[in-house]
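Written below as C-alpha cells is the structure these notes are about.
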Amino acid sequence: MKLKSLASATLGAAALMFSLSPQGELGFAQAVAQAETVRPEVGKHLKDASALIKGGKYKEALAKVRDAEAVAGRTAAENNAIEGMRVAAASGAGDAESMVRGFEALKAAGKLAGPSQLQMMESIAGTYLRGGNAAKALEWSNKYFAAGGSSPTMKQVQSQAQFKSGDMGAVLKDTLAELQADEKAGKVPTQDKLNLLLYAAQKKNDAGAEAFATEKLLNYYPTKQLWAQLLGSLPSKKGFSDRFALDVYRLKLVTGNMRDANDYMEMAQLAAQAGYPDEGKQVVDKGLAANVLGQGTEGARHKRLADLLAKKIAEAKAAQTGAEKDAQEAKDGNALITLGLAFAHRGEAAKGVKLIEQGIEKGNLKRPEDAKLYLGLAQFIGGDAVKAQATWRGVKGTDGVADLARLWSVQARTSKK
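In mature numbering (1 follows the signal peptide of the UniProt record, and there is no 0), the protein residues as written are -24 to -1, 1 to 393.
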C-alpha cells in the first residue's frame, strides 16, 4: 500500500519542495514515500517519524526510522522511503553522518535529480559546519561546487569552512577571486570579505597579499587606524628605499598619524634637508597648533626649529631667481624637480607643476619615477586630485616609489568621502 497520510507529491515535485530546513526535507521524504509502494509494517514507523519531525522531535524520529529499517524483507522501494525520512530527521537532529548515508543511498537508487542533489549537499555541508566539523563542511561544499552548484549561501559556507579548518591558502585564493569578480561587476566588496582576505594573508605571512588587502580596505573603508597599520609596516617592506622616509611622513601627516613630537621634528628636519623649508615650517606650525610641539622641556627647542625654518624660507626666496636660472640651464632636469616641489609647498603649485614637467621633459633624470611621484604630489597640493591620480597611475618601480604613488591615489580618492 501507499502511505495515504503523507503528502501526495511526486518525485518530480519533490525537488521544488526541498529546502535547507528539516520540514523541507520532510516534504522530500514524503514525496519519496508517496511515489513508492510501502507495506503497512514499514509505513507505520515512517508515519510516526513524520509526525515526530513536525513536532521537532528529530532524535525520536530517527529512532522510528531505525524501527522501519528493522523490518525484515524490505523492498528497494521501502528502503528509498526509509532513506528519505532518515535525511529529514537527521537534518533536524544535526546528524550529518546520517544525512550522508541517506543521500548516498537515494543517489545510488536514482531517486535524486540534479537540483535535489545540490540542495541536499548544501544541507549536509551546512549541518557539518553547524556541528563544528569544518573539514567535512569544506569537503561537501567543494563537492557541491564541483557538481555545478552556484548558491551564494554555499559560498559563505565554503569560506567559513576553509577559515575554521585553517586552510588559509584556499581562503586567500577564493576570497581574492570573489573580490576581483565584485570589482569587475562594479560592486563594492563587503568589509567582511576584505577583512577575511587580510586575516588570511596575515596567517599565511604573505606580505604582498596583506598589503593588497589593506590597500583595498583603505580604498573602500578608510580609517586612521588602517593607515597607521600600513604606513607603520611600509618602511620594512622588502626593497623599500630609505630615501622615502620623508614621503612616509607626508602620508602620516595627511592621514592624521603623526604620533608625537619626535615625528613632527623629524619630518620638519627631513623636509628642510631635502630643500623644502616651507614644508618643514608648515609641519612645525601644525605640531604647535596641536599642542604637540612647544610644550614641556623641549618646547624651546621646537620654537628654535621654527625660527630656523623661517630663516631658511627667507633665504630660499632671496635666492629664488638664481636657483630657477641655474635649474633651467642645467643639462638634466633633476634641479627642476626639486625646485618645482618647493614652489608647490610654498603655495605656488601651478608654477611648481610647470617646473617639474619641464624637468621631466628635459630628461637625464637620476630617478624618473620619483619625478612622476612628485609631479602628482604638486598637482594634488594645487587641488587637482584627478590629474594627480592620473600621474600616479603611471609610476612604476620596485623600490617603494610605486607603493607611495598608489597610496597617494587612495588618499586622494578617499579624502573626499
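Here a beta-carbon is modelled for each residue, glycine too, at the ideal position from N, C-alpha and C.
For A189, which residues from the same chain have a beta carbon less than 7 Å from its beta carbon, with the 5 sequence-adjacent residues on both sides left out? Here residue 189 refers to the residue found at position 213 when the sequence shown is read from its first residue. The answer, listed in chain order, is L170, L173, L174, A177.
How would you write the range of the alpha helix (DSSP H) that G60 sits in, first residue to last? To locate residue 60, count along the sequence shown from 1; it is residue 84. Its alpha helix (DSSP H) spans residues 52 to 69.
Cα-Cα separation, A153 to G352: Residue 153 sits at position 177 when you count from the first residue of the sequence shown. Residue 352 sits at position 376 when you count from the first residue of the sequence shown. In a straight line, the C-alpha of A153 is about 31 Å away from that of G352.
Roughly how many whole angstroms lie between the Cα atoms of A286 and Q167? Along the sequence shown, one-based indexing puts residue 286 at 310. Along the sequence shown, one-based indexing puts residue 167 at 191. Rounded to whole angstroms, A286 to Q167 spans 45 Å at the Cα level.
If we count the other Cβ atoms within 10 Å of its Cβ and call it buried at 16 or more, is S391 buried or exposed? Residue mapping note: residue 391 aligns to position 415 of the sequence shown, counting from 1. So S391 ends up on the exposed side.
Do the region 102 to 116 and the region 127 to 140 touch if we need at least three Cβ pairs shorter than 8 Å? yes
Could you tell me which of Q136, F356, D308 sits nearest to P344, measuring between CA atoms? Taking the first residue of the sequence shown as position 1, residue 344 is located at position 368. It is D308.
If we ignore side chains and look at the alpha-carbon of each, how far apart do A318 and Y252 end up? Working through the sequence shown from its first residue, we reach residue 318 at position 342. Working through the sequence shown from its first residue, we reach residue 252 at position 276. Computed Cα separation, rounded: 5 Å.
What residue does the alpha helix (DSSP H) around R271 start on, and which one ends it? To locate residue 271, count along the sequence shown from 1; it is residue 295. A small fix is needed here, since residue 271 is Gln in this sequence, not Arg. Looking at the DSSP string, Q271 is not in any alpha helix (DSSP H), and its letter there is neither H nor E.
Cβ-Cβ distance between V230 and L210 below 8 Å: Within the sequence shown, numbered from 1, the residue matching residue 230 stands at position 254. Within the sequence shown, numbered from 1, the residue matching residue 210 stands at position 234. In this structure, L210 does not lie closer than 8 Å to V230 by Cβ.
G263 to G373, Cα distance in whole Å? One-based indexing of the sequence shown puts residue 263 at position 287. One-based indexing of the sequence shown puts residue 373 at position 397. Cα to Cα, the separation comes out at about 33 Å.
Less than 8 Å between the C-beta atoms of A282 and K257, yes or no? Along the sequence shown, read from residue 1 onward, the residue named residue 282 stands at position 306. Along the sequence shown, read from residue 1 onward, the residue named residue 257 stands at position 281. A contact, by the Cβ cut-off of 8 Å.
Report the start-end ranges of each beta strand (DSSP E) in the region 69 to 123 that is 3 residues or longer and not cut off at the edges. none
Please report the distance separating the alpha-carbon of A311 from that of D236. Counting from one through the sequence shown, the residue named residue 311 turns up at place 335. Counting from one through the sequence shown, the residue named residue 236 turns up at place 260. One C-alpha to the other measures close to 33 Å.
Give the secondary structure of F139 by DSSP, where H, G and I count as helix, E and B as strand, and everything else as coil. Residue numbering aside, residue 139 sits at position 163 when the sequence shown is read from its first letter. Three-state DSSP puts F139 in a helix.
Could you tell me whether the Cβ of G19 comes closer than 8 Å to any Cβ of chain D? Checking the listed chains, one finds no chain D in this structure; it contains a single protein chain.
Given this structure, state the Cα-to-Cα distance separating L82 from A65, to the nearest angstrom. By 1-based counting over the sequence shown, the position of residue 82 is 106. By 1-based counting over the sequence shown, the position of residue 65 is 89. Those two C-alpha atoms are separated by around 15 Å.
Within the same chain, show all residues whose beta-carbon is closer than 7 Å to that of W203, passing over the 5 residues directly before and after it, in chain order. Position 227 of the sequence shown, counting from 1, holds the residue named residue 203. Once the five neighbours on either side are set aside, the close Cβ partners of W203 are L194, T231, N233.
With DSSP run on the structure shown, which of helix, strand or coil describes A354? Taking the first residue of the sequence shown as 1, we reach residue 354 at position 378. A354 falls in the helix class under three-state DSSP.
Considering Cα atoms alone, identify which of Q134, G90, A381 is closest to G102. Taking the sequence shown and counting its residues from 1, the one referred to as residue 102 is at position 126. Cα-wise, what sits closest to G102 is Q134.
Between which two residues does the alpha helix (DSSP H) containing Y225 stretch? As a position in the sequence shown, residue 225 is number 249, starting the count at 1. Run containing Y225: 221 to 230, per the alpha helix (DSSP H) assignment.
Tell me the DSSP secondary structure of F319 in three-state form. Position 343 of the sequence shown, counting from 1, holds the residue named residue 319. In the structure shown, F319 sits in a helix (DSSP, three-state: H, G or I).
Considering only the beta carbon of each residue, do I332 and I313 sit closer than 8 Å? Taking the first residue of the sequence shown as position 1, residue 332 is located at position 356. Taking the first residue of the sequence shown as position 1, residue 313 is located at position 337. Their beta carbons are under 8 Å apart, which means I332 touches I313 by this criterion.
Where M144 falls: helix, strand or coil (DSSP): Locating residue 144 in the sequence shown gives position 168, counting from the first residue. In the structure shown, M144 sits in a helix (DSSP, three-state: H, G or I).
Closest Cα partner of K119 within the set E80, A381, A306: The count along the sequence shown starts at 1 and reaches residue 119 at position 143. Looking at the Cα atoms, E80 is the closest of the given residues.
Mind checking P165: buried by the 16 CB within 10 Å criterion, or exposed? Counting from one through the sequence shown, the residue named residue 165 turns up at place 189. Its Cβ being crowded by 16 or more others within 10 Å, P165 is buried.
Start and end of the alpha helix (DSSP H) containing A161? Reading the sequence shown from its first residue, position 185 is the one you call residue 161. Element bounds for A161: n/a, residue is neither H nor E.
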